[in-house]
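Only one structure is covered here, and it is reproduced in the block below.
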Amino acid sequence: MTKQQRYQFVIDYFTVHAPDAATELLYNSPYQLLVAVILSAQCTDKRVNITTPAIFKQYPRVKDLAVADFDDLFLLIKSISYPNNKAKHLIGMANMVIEKFEGNIPMTVAELMLLPGVGRKTANVITSVIDDQPNMAVDTHVFRVSARLGLTTNATTPLTAEKQLIKFFPENYIFRAHHWLILHGRYICTARSPKCTDCGLKTICKYYHSIKSSKI
420 MTKQQRYQFV
430 IDYFTVHAPD
440 AATELLYNSP
450 YQLLVAVILS
460 AQCTDKRVNI
470 TTPAIFKQYP
480 RVKDLAVADF
490 DDLFLLIKSI
500 SYPNNKAKHL
510 IGMANMVIEK
520 FEGNIPMTVA
530 ELMLLPGVGR
540 KTANVITSVI
550 DDQPNMAVDT
560 HVFRVSARLG
570 LTTNATTPLT
580 AEKQLIKFFP
590 ENYIFRAHHW
600 LILHGRYICT
610 ARSPKCTDCG
620 LKTICKYYHS
630 IKSSKI
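See below:
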């Protein structure tokens with residue numbers, strides 16, 4: 420099977436079984452999504468979704484967050500991983516959005532990465548989710564699933580995996596493919612004890628065939 424055929428199999432499968440795959444983070448604006456994604460680093464979307472309503476109630480606009488009291492914000496996010504750093508990042512992010520971008524969330528990867536707490540993965544999420552830009556956010560799930568399926572080869576970093584994925588996924592599928600892979604990794608192709616028997620991609624999965632061969 421060629422690389423192109425492998426990708427096409429994945430596209431064909433998910434366009435049937437997960438045509439509307441989307442982020443599980445709850446948001447109503449680019450500002451809210453940016454806050455949620457910053458909080459989601461090394462934290463579950465479920466925990467973030469429990470936490471953000473109180474944040475958005477107290478700081479409904481980016482300009483409100485810019486003048487937030489650190490201790491007050493910390494109390495709202497203390498159940499999130501690394502609340503000290505994330506509180507600093509959120510306030511710093513809001514201030515830069517006000518000062519540098521006139522209160523508007525920027526919509527390019529380069530500009531977003533200027534903001535405190537925003538790395539390449541976060542910037543790719545924001546631009547692909549909000550604007551359908553062909554950017555591939557590679558988190559641990561995407562990194563694992565793409566390697567197991569054979570979509571990436573010898574990718575040692577998220578960036579090398581990202582480059583391979585955007586090379587072979589057609590541009591109009593890239594923003595959706597991130598959600599396909601992350602949700603598949605979250606619920607089927609888990610890090611430990613992947614549910615291979617329930618997986619509709621095992622036909623082309625290099626990981627599945629390797630463990631199958633090892634049991635023969």
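For the sequence shown, my numbering gives the first residue as 420, with consecutive numbering after it.
Beta carbons: idealized from backbone N, C-alpha and C, even for Gly.
Computed from a predicted structure; not experimentally measured.
Measuring alpha carbon to alpha carbon, tell me which residue in Val481, Ile510, Thr471 and Asn514 is nearest Asp648.
For residue 648 there is no data in the structure shown, the boundaries of the chain being 420 and 635.
Measuring CB to CB, does Lys422 end up less than 8 Å from Ile457?
Taking the first residue of the sequence shown as position 1, residue 422 is located at position 3. Taking the first residue of the sequence shown as position 1, residue 457 is located at position 38. No, the pair does not count as a contact, with Cβ atoms beyond the cut-off.
From Ile469 to Met420, what distance separates their C-alpha atoms?
Start at 1 with the first residue of the sequence shown, and residue 469 comes out as number 50. Start at 1 with the first residue of the sequence shown, and residue 420 comes out as number 1. One C-alpha to the other measures close to 44 Å.
Comparing C-alpha positions only, which one of Leu495, Arg480 and Ala542 sits nearest to Gly522?
Residue numbering aside, residue 522 sits at position 103 when the sequence shown is read from its first letter. Per the C-alpha coordinates, the member of Leu495, Arg480 and Ala542 positioned closest to Gly522 is Arg480.
Can you tell me where the alpha helix (DSSP H) holding Thr559 begins and where it ends?
Locating residue 559 in the sequence shown gives position 140, where the first residue counts as 1. Per DSSP, Thr559 belongs to the alpha helix (DSSP H) from Thr559 to Leu568.
Chain-order list of residues whose beta-carbon lies under 6 Å from that of Met532 (same chain, five-residue window excluded):
For the purposes of this step, residue 532 is taken as residue 113 along the sequence shown, with counting starting at 1. Hits under 6 Å: Ala542.
Shortest alpha-carbon distance to Val467 belongs to which of Met526, Leu484, Phe493 and Ile499?
Taking the first residue of the sequence shown as 1, we reach residue 467 at position 48. Cα-wise, what sits closest to Val467 is Ile499.
Count the CB pairs spanning the stretch 555-572 and the stretch 612-627 that are closer than 8 Å, and state whether there are at least three.
They touch, by the three-pair rule.
Alpha carbon to alpha carbon, what distance is there between Arg595 and Ala441?
Taking the sequence shown and counting its residues from 1, the one referred to as residue 441 is at position 22. Taking the sequence shown and counting its residues from 1, the one referred to as residue 595 is at position 176. Approximately 7 Å between the Cα atoms of the pair.
Locate the alpha helix (DSSP H) running through Ala437, then write down its first and last residues.
Against the sequence shown, residue 437 aligns to sequence position 18. Premise fails: Ala437 is in no alpha helix (DSSP H) and is neither H nor E.
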